[in-house]
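Enquirer: Below is a structure I'd like to ask you about.
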Amino acid sequence: MPSIMTRLESVRNQIQTATEKYRRPAGSVQLLAVSKTRPAEDILQALTAGQRRFGESYIQEALEKIEQLKGQPIEWHYIGRIQGNKTRSIAENFDWVHSIEKSKQLRRLNDQRPEHLPRLNVCLQVKIDDEESKGGLGPEQAAELVAQMASYPRLHLRGLMTLPAPSDTLEAQRRPFRLLRELRDRLATPELPLETLSMGMSNDLEAAIAEGASLVRIGTAIFGPRDYSAG
Ligand SMILES: *Cc1c(COP(=O)(O)O)cnc(C)c1O
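So this is what it looks like as structure tokens:
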């Protein structure tokens with residue numbers, strides 16, 4: 065199996081190729097390495113190869129790795145489902161949260177974000193193609209939450225995230241990403257430009273970049289297939 069460094073290099077090349085193909089500005093697409101189910105050693109390997117942003121989906125597992133990697137120059141992103149009783153761990157340990165689905169989660173994260181830390185960066189997760197995508201707010205609900213942000217001084221709303229159902233063709237993959245970008249363009253204000261579009265994974269990275277992704281969340285293509293049975 066190729067090394068993490070080799071895979072990371074190949075993902076960077078894919079991002080650069082798509083950035084040029086779709087005439088996006090150089091450097092306008094950030095890479096989030098999704099390290100869920102992966103041991104801290106894998107994260108260290110990617111870190112050694114220059115990767116700084118890591119995404120986690122399971123809070124207990126993430127907290128263990130954050131502790132093991134304390135002092136390393138890592139930006140931690142929470143991208144998983146948010147359970148009510150887990151908001152404090154998220155507020156205290158992460159730099160970003162991509163998966164906000166409720167107003168209550170904003171309120172709790174705002175109240176629980178420690179004073180000594182900078183504002184917590186958040187994205188609203190939007191269910192863009194109704195039935196199909198996994199989780200998220202409808203476009204109307206997302207608009208309501210954007211309007212509430214002034215009540216949450218400890219949070220910084222950065223943009224929108226989506227996790228569409230998988231599809232096979234580039235055209236089909238582009239559709240939900242295009243809808244997310246259009247929603248962002250409607251909701252953005254001078255105070256909240258919503259510059260972050262968190263969209264695209266290992267299998268639909270090109271489609272996401274074509275439609276304006278500012279951050280792609282890549283797991284398998286960097287770390288290899290996940291084995292959930294290994295625990
Ligand atoms: C697991 C996961 C990813 C990464 O998926 P890959 O197909 O392994 O690249 C991206 N985003 C979210 C929200 C995830 O849960």
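According to the working numbering, the residues represented by the sequence shown are 65 to 295, in order.
Every residue, glycine too, gets a C-beta built ideally from N, C-alpha and C.
With DSSP collapsed to three states, give me the class of T70.
Expert: Residue numbering aside, residue 70 sits at position 6 when the sequence shown is read from its first letter. T70: helix per DSSP, three-state reduction.
Enquirer: Do S262 and I282 have their beta-carbon atoms positioned less than 8 Å apart in this structure?
Expert: Your numbering for residue 282 matches position 218 in the sequence shown. Your numbering for residue 262 matches position 198 in the sequence shown. No, Cβ-Cβ distance for I282 and S262 is not below 8 Å.
Enquirer: Could you name the residues of the same chain whose beta carbon sits closer than 8 Å to that of M65, not counting the 5 residues immediately before and after it, in chain order?
Expert: One-based indexing of the sequence shown puts residue 65 at position 1. Answer for M65: G288, listed in chain order.
Enquirer: When burial is assigned at 16 or more other CB atoms within 10 Å of the CB, is A274 buried or exposed?
Expert: One-based indexing of the sequence shown puts residue 274 at position 210. It is buried - the Cβ of A274 has at least 16 other Cβ atoms within 10 Å.
Enquirer: Is A285 near ligand 1, with its Cβ less than 7 Å from a heavy atom?
Expert: Position 221 of the sequence shown, counted from the first residue, corresponds to residue 285. For ligand 1, at least one heavy atom lies less than 7 Å from the Cβ of A285.
Enquirer: Are V161 and L173 touching if we call contact CB-CB under 8 Å?
Expert: Residue mapping note: residue 161 aligns to position 97 of the sequence shown, counting from 1. Residue mapping note: residue 173 aligns to position 109 of the sequence shown, counting from 1. Result yes, Cβ atoms of V161 and L173 sit closer than 8 Å.
Enquirer: Kindly examine ligand 1 and report whether one of its heavy atoms sits closer than 7 Å to the Cβ of E100.
Expert: Position 36 of the sequence shown, counted from the first residue, corresponds to residue 100. For the record, residue 100 in the displayed sequence is Lys; it is not Glu. True, at least one ligand heavy atom lies under 7 Å from that Cβ.
Enquirer: Enumerated in chain order, which unbroken segments of the beta strand (DSSP E) with a length of 3 residues or greater are wholly contained in the region 122-210?
Expert: Segments of the beta strand (DSSP E) lying fully in the region 122-210: 139-142, 160-164 and 184-189.
Enquirer: Applying the 10 Å Cβ sphere with the 16-neighbour rule, what's the burial state of S99?
Expert: In the sequence shown, counting from the first residue as 1, residue 99 sits at position 35. Burial call: buried.
Enquirer: Can you give me the C-alpha to C-alpha distance between N149 and R87, rounded to a whole angstrom?
Expert: Along the sequence shown, read from residue 1 onward, the residue named residue 149 stands at position 85. Along the sequence shown, read from residue 1 onward, the residue named residue 87 stands at position 23. Taking the straight line joining both Cα atoms gives about 43 Å.
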